[in-house]
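What follows is one structure encoded as structure tokens, with my remarks underneath.
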Amino acid sequence: MRQFFVVQHSHHEFLGTIEKQLEHREIGFVYIRPFLGQSVPGSPQDKDALFLLPGPMDPTEKDDFPYLAEEEFLVGQFLRNDQPVVGLGLGAQLIAEHFGGEASEDPEITARFVTARKTAAGEGDALAEELDGMEVFLWHAGSVSLPEGMEPTLVDDEGNWLAFRPHRRAYALLFRPEAKPGMVEDMVMEDRPCPDGVGSLLEYSRESWGAGRMQAVTDKVVVALVKELDLMQPHAQEGPAYDFNVQDD
34 MRQFFVVQHS HHEFLGTIEK QLEHREIGFV YIRPFLGQSV PGSPQDKDAL FLLPGPMDPT
94 EKDDFPYLAE EEFLVGQFLR NDQPVVGLGL GAQLIAEHFG GEASEDPEIT ARFVTARKTA
154 AGEGDALAEE LDGMEVFLWH AGSVSLPEGM EPTLVDDEGN WLAFRPHRRA YALLFRPEAK
214 PGMVEDMVME DRPCPDGVGS LLEYSRESWG AGRMQAVTDK VVVALVKELD LMQPHAQEGP
274 AYDFNVQDD
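The opening position of the sequence shown corresponds to residue 34 in our numbering, with each subsequent residue numbered one higher.
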């Protein structure tokens with residue numbers, strides 16, 4: 034049975050709707066909760082893939098949350114072993130920063146639904162092809178620019194990146210395919226910044242959920258990740274050399 038590490042950053046942000054999708058495929062997962070004092074592993078150990086989840090902090094807050102840097106190091110360790118890595122929201126930002134993107138604390142909060150548009154770099158990519166024209170949900174703090182020389186596979190209508198692939202075994206998804214209205218409600222109840230008009234955002238998320246649009250995004254994302262990253266197969270602990278000039282320290 035495949036086993037994934039899943040790094041969680043808050044009580045209310047977990048794999049959500051993705052959990053059942055993985056369980057259906059007989060993929061297990063072990064949550065790591067550094068926000069509760071649990072240590073981030075320094076290596077993949079016996080796990081087959083790594084998921085970095087969203088969170089309330091922005092990627093510049095490493096002095097307050099030093100485990101964010103440890104997560105970036107772990108990304109490098111998985112990719113050195115040619116093992117899959119997926120980042121969502123904050124997790125996507127950490128992957129972008131790991132590969133050389135520049136982090137900023139601005140804007141304080143981005144929370145909205147946007148339409149995903151496939152780019153030239155997304156041609157032939159299963160996830161970009163499937164999500165082109167679909168509405169996706171964003172909720173994250175701060176921002177990270179894409180690393181120099183890397184192009185997004187999905188953008189919004191303003192050209193802001195929504196997804197990119199820095200490595201053949203990695204996906205960074207700034208949007209939130211795991212989210213459902215109940216999770217959004219719990220996030221609003223936390224002591225974290227919320228956007229103006231958050232009530233309308235919640236109402237729209239319930240309407241989107243009722244119409245099945247959010248679930249359709251989840252389904253398409255999981256199927257694409259399984260296909261592109263070969264998530265159904267266990268991966269050896271030693272693989273091809275990590276072919277990106279990235280510093281892990």
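From the three backbone atoms N, C-alpha and C, an ideal C-beta is built for every residue, glycine too.
Residue environment, residue i, which counts as buried when at least 16 other CB atoms sit within 10 Å
{"i": "ASN278", "result": "Caution is warranted here: a pLDDT of 38 is assigned to ASN278, below 50, making its placement in the model unreliable, and the coordinate value is therefore given only provisionally. Classification of ASN278: exposed, given that the 10 Å Cβ count is below 16."}
{"i": "PRO185", "result": "buried"}
{"i": "GLU211", "result": "buried"}
{"i": "ASP139", "result": "exposed"}
{"i": "LYS80", "result": "buried"}
{"i": "VAL7", "result": "Since the first and last residues shown for the chain are 34 and 282, residue 7 lies out of range."}
{"i": "LEU55", "result": "buried"}
{"i": "GLU105", "result": "buried"}
{"i": "SER233", "result": "exposed"}
{"i": "LEU160", "result": "buried"}
{"i": "GLY120", "result": "buried"}
{"i": "GLY134", "result": "buried"}
{"i": "GLY175", "result": "buried"}
{"i": "MET216", "result": "buried"}
{"i": "GLU59", "result": "exposed"}
{"i": "GLN116", "result": "buried"}
{"i": "ALA244", "result": "exposed"}
{"i": "GLN266", "result": "exposed"}
Strand pairing of residue i, partner residues [DSSP]
{"i": "PHE19", "result": "The structure shown does not extend to residue 19, since the chain spans only 34 to 282, so no value can be given for it."}
{"i": "GLN36", "result": "GLY61"}
{"i": "ARG150", "result": "VAL188"}
Whole-number beta carbon distance between residue j and residue i, since they are thought to touch under 8 Å
{"i": "SER40", "j": "PRO77", "result": "Note on identity: in this sequence residue 40 is Val, with Ser being the wrong assignment. Contact flag wrong, Cβ pair sits at about 12 Å."}
{"i": "ALA129", "j": "PRO87", "result": "No, ALA129 and PRO87 are not in contact; Cβ-Cβ is about 14 Å, not under 8 Å."}
{"i": "ALA202", "j": "LEU264", "result": "Here residue 202 turns out to be Arg, not Ala, going by the sequence shown. Rounded, the Cβ-Cβ distance is 10 Å, inconsistent with contact."}
{"i": "LYS53", "j": "GLU163", "result": "About 19 Å; that fails the 8 Å criterion."}
{"i": "ARG35", "j": "GLY61", "result": "7 Å"}
{"i": "LEU187", "j": "ARG150", "result": "7 Å"}
Reference residue i, options the options, closest by Cα
{"i": "TRP194", "options": "ARG202, ARG201, LEU206", "result": "LEU206"}
{"i": "PHE84", "options": "ARG58, SER178, VAL118", "result": "VAL118"}
{"i": "LYS95", "options": "SER137, TYR204, GLU56", "result": "SER137"}
{"i": "VAL73", "options": "GLY243, GLY122, PHE38, THR143", "result": "PHE38"}
{"i": "ALA102", "options": "HIS131, ASN114, PHE111, ASP115", "result": "HIS131"}
{"i": "HIS173", "options": "SER241, MET34, HIS42", "result": "HIS42"}
{"i": "LEU123", "options": "ALA82, GLN116, ARG246, TYR204", "result": "TYR204"}
{"i": "THR148", "options": "ASP189, GLU141, GLU59, ASP158", "result": "ASP189"}
{"i": "PRO214", "options": "CYS227, ASP224, PHE170, ARG198", "result": "PHE170"}
{"i": "ALA125", "options": "THR152, MET167, VAL177, GLY157", "result": "VAL177"}
{"i": "GLU46", "options": "GLU223, VAL231, GLY245, GLY182", "result": "GLU223"}
{"i": "ARG209", "options": "HIS200, THR143, LEU69", "result": "THR143"}
{"i": "MET167", "options": "HIS44, THR251, ASN114, LEU112", "result": "THR251"}
Scan the segment 105 to 147 and note each continuous beta strand (DSSP E) run of 3 residues or more that stays entirely inside, going in chain order.
-> 118 to 121
Identify every run of the beta strand (DSSP E) within the segment 152 to 205, keeping only runs that are complete inside it and at least 3 residues long; order them along the chain.
-> 168 to 173, 194 to 200
Note down, one range per segment and in chain order, each alpha helix (DSSP H) of at least 4 residues found wholly within the segment 42 to 87.
-> 51 to 57
In chain order, which alpha helix (DSSP H) runs of at least 4 residues are fully inside the segment 226 to 262?
-> 231 to 243, 246 to 262
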